[in-house]
Amino acid sequence: MRADGMKIIGLTGGIGSGKSTVARLFAELGVPVIDTDEIAHELSHPPSKALEQIALEFGTDFIEKEGGLNRARMRELIFADADAKVKLENIFHPRIKTIVMQQLDKQAIHTPYVLLVVPLLFETNTYSSIIDSSLLVDCSEEHQIERVKLRSGLKNTEITAIIANQLPRKARIQRANDIILNESTLAHLQSSVSALHQRYQDQTCRFT
Ligand code: ADP
0 MRADGMKIIG
10 LTGGIGSGKS
20 TVARLFAELG
30 VPVIDTDEIA
40 HELSHPPSKA
50 LEQIALEFGT
60 DFIEKEGGLN
70 RARMRELIFA
80 DADAKVKLEN
90 IFHPRIKTIV
100 MQQLDKQAIH
110 TPYVLLVVPL
120 LFETNTYSSI
130 IDSSLLVDCS
140 EEHQIERVKL
150 RSGLKNTEIT
160 AIIANQLPRK
170 ARIQRANDII
180 LNESTLAHLQ
190 SSVSALHQRY
200 QDQTCRFT
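Numbering of the sequence shown is given in numbering that gives the first Met the number 0, commencing with residue 0 and proceeding in unit increments.
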């Protein structure tokens, strides 16, 4: 727990599980949300020191004409080359964490808890020492594939490759402090979020 008493809930889940939707529902209840994916996205647009570093280390081929990151090309490279993946992570992760810490400090006196969205919370451990509790959005792989297909137009094989790179469902479930099962309607999801919000506000939940 932070000295200021504000709790940090780490929100995670596989691709297409419903993390962004859950984050939005918490935000609608007035909970501050810090999203590491959004920060990464911002760092992928100019002006950005991360992009300058990418141009230096990977070459300007990975930068689009408008100056942003060529995501498709980078995704292709890091799937095929583990060293490149580590190199890219070393450019992004420390910068993302610095911004997260700044945003947490800004929220500290205003709120009993914040939601920190970290898709690979259990895979990377970067945030395990700063969160008080983890919240997993869980659903079957079939639901994940169906939702991502609708949202992105990626092919089945591309989606299953991304899923295979993430922690298996069972391992995530074992590590999570709280779980929202997102296999029903959005109304159902909303009531799960409201119930958890009550509990987090009361601060009676089991914090690790
Ligand atoms: P993630 O952030 O985990 O990748 P999203 O929150 O973006 O997942 O959800 C993936 C897609 O599925 C989105 O288009 C979202 O609107 C949709 N979705 C999520 N949960 C539900 C649900 N319970 N019912 C219907 N559609 C859903």
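The beta carbon of each residue, even a glycine, is placed where N, CA and C say it ideally should be.
- Between Asp-131 and Ile-33, the CB-CB gap reaches or exceeds 8 Å.
- A buried status is given to Gln-165, since no fewer than 16 other beta-carbon atoms sit within 10 Å of its beta-carbon.
- For Arg-94 and Ala-49, the gap between their C-alpha atoms comes out near 8 Å.
- By DSSP's assignment, Gly-9 forms a beta bridge with Leu-115 and Ser-133.
- Where Val-32 is concerned, the enclosing beta strand (DSSP E) starts and stops at 32-34.
- Cβ-Cβ distances below 8 Å link Pro-111 to Gly-4, Met-5, Lys-6, Tyr-199, Gln-200 and Gln-202 in the same chain, with the five nearest sequence neighbours on each side left out; the list follows chain order.
- A distance of 8 Å or more separates the beta carbons of Thr-11 and Phe-91.
- For Asp-82, the uninterrupted alpha helix (DSSP H) segment begins and ends at 81-106.
- Here Ala-170 has Phe-121 as same chain residues with Cβ atoms under 8 Å from its own Cβ, once five neighbours each way along the sequence are excluded.
- Here Ser-191 really is in contact with Ile-179; their C-beta atoms are around 5 Å apart, less than 8 Å.
- Rounded to the nearest angstrom, the gap between the Cα atoms of Ala-39 and Val-99 is 11 Å.
- Tyr-126 and Ala-186 have their alpha carbons spaced roughly 30 Å apart.
- With respect to Ile-53, Leu-76 sits apart: the two C-beta atoms are not nearer than 8 Å.
- Excluding five sequence positions before and after Leu-24, the CB atoms of its chain that fall closer than 6 Å to its own CB belong to Gln-189 and Val-192, given in chain order.
- Under a 10 Å Cβ-count criterion, Gln-197 is classified as exposed, with fewer than 16 other Cβ atoms of the shown protein chains found around its own Cβ.
- Taken from the Cβ of Leu-114, every heavy atom of ligand 1 lies 7 Å or farther away.
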